[in-house]
Amino acid sequence: MKKILIFFLVVSLTACSKEKSNGITLFNDLVFKMQEGEIVRGIDEAVKNNYLKYLDNPNIQIPLFKYIKHNDYEVFIGVPYNTSIKEIIDYQLKSTEGKDTSLYFKADSISYYKQCKKDELYIAAYASAIDSKSLLYIAAISASKSLSDSLFNQSQLSNRIATKNDQ
Numbered sequence: 008m009k010k011i012l013i014f015f016l017v018v019s020l021t022a023c024s025k026e027k028s029n030g031i032t033l034f035n036d037l038v039f040k041m042q043e044g045e046i047v048r049g050i051d052e053a054v055k056n057n058y059l060k061y062l063d064n065p066n067i068q069i070p071l072f073k074y075i076k077h078n079d080y081e082v083f084i085g086v087p088y089n090t091s092i093k094e095i096i097d098y099q100l101k102s103t104e105g106k107d108t109s110l111y112f113k114a115d116s117i118s119y120y121k122q123c124k125k126d127e128l129y130i131a132a133y134a135s136a137i138d139s140k141s142l143l144y145i146a147a148i149s150a151s152k153s154l155s156d157s158l159f160n161q162s163q164l165s166n167r168i169a170t171k172n173d174q
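With this note's numbering applied, the sequence shown covers 8 to 174.
The following block contains the structure:
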């Protein structure tokens, strides 16, 4: 009888233990869902320079907030500052005029998605007005077009943003 009681006690304690999180908390109860093999890394000078090299928006402030590294790609999460989704879209439209690097661009009143190629790397950028308080920018860089198309299309990127309650 004691063995059964101990067994149930162990099972109960294990069931109540905190689950390992499959996302990183951002702000305003937003969570970015993580994929297998992704690791949140610190933001050092090399990471900042890489972010600015491929994703520089000189007229719009989008400070780098989180950096996620995978063996096959990098994900940058920025928090646009003192701007709107409309300003970000307008800037993207102006900055791509006359350039053939843009592979795909789609925008509406609450989000934009852009896929382009630069220096043999595929870059997917997604910005969204999550609610009246939250504007979020996500960019992913990969050397593989098929990986970029499958993991970093507009639907996949938008689905990775959730609230803590929805996670």
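For each residue, glycine too, the CB sits at the ideal point set by N, CA and C. Every value quoted in this text rests on a predicted model; they were computed, and no experiment measured them.
Which of helix, strand or coil does DSSP assign to residue i?
| i | result |
| --- | --- |
| Ile75 | strand |
| Leu100 | helix |
Which whole-angstrom value is the C-beta distance of residue i and residue j, which I expect to be below 8 Å?
| i | j | result |
| --- | --- | --- |
| Leu33 | Ile84 | 7 Å |
| Tyr129 | Lys152 | 5 Å |
| Tyr58 | Leu71 | 5 Å |
| Ile46 | Lys76 | 5 Å |
Could you name the residues that DSSP lists as bridge partners for residue i?
| i | result |
| --- | --- |
| Gln122 | Tyr111 and Ala131 |
| Tyr144 | Gly85 and Ala134 |
| Leu181 | Any answer about residue 181 is impossible in this case: the structure gives the chain only from 8 up to 174. |
Just the C-alpha distance for residue i and residue j, rounded to the nearest angstrom, thanks.
| i | j | result |
| --- | --- | --- |
| Asp107 | Ser91 | At Asp107 the pLDDT is 46, less than 50, meaning the model places this residue with poor confidence and gives no usable figure here. |
| Ser149 | Ser155 | 6 Å |
| Asn66 | Tyr111 | 22 Å |
| Glu52 | Lys60 | 12 Å |
| Gln122 | Tyr98 | 15 Å |
| Ala169 | Asp79 | 24 Å |
| Gly105 | Leu164 | With a pLDDT of only 49 at Gly105, under 50, the local geometry of the prediction cannot be trusted, and no value is derived from it. |
*Is the segment 129 to 148 touching the segment 71 to 83, taking contact as three or more C-beta pairs under 8 Å?*
Contact check between the segment 129 to 148 and the segment 71 to 83: three or more CB pairs, one atom from each, fall below 8 Å, which counts as touching.
Fill in: Three-pair Cβ contact test at 8 Å for the segment 110 to 119 versus the segment 130 to 138
yes
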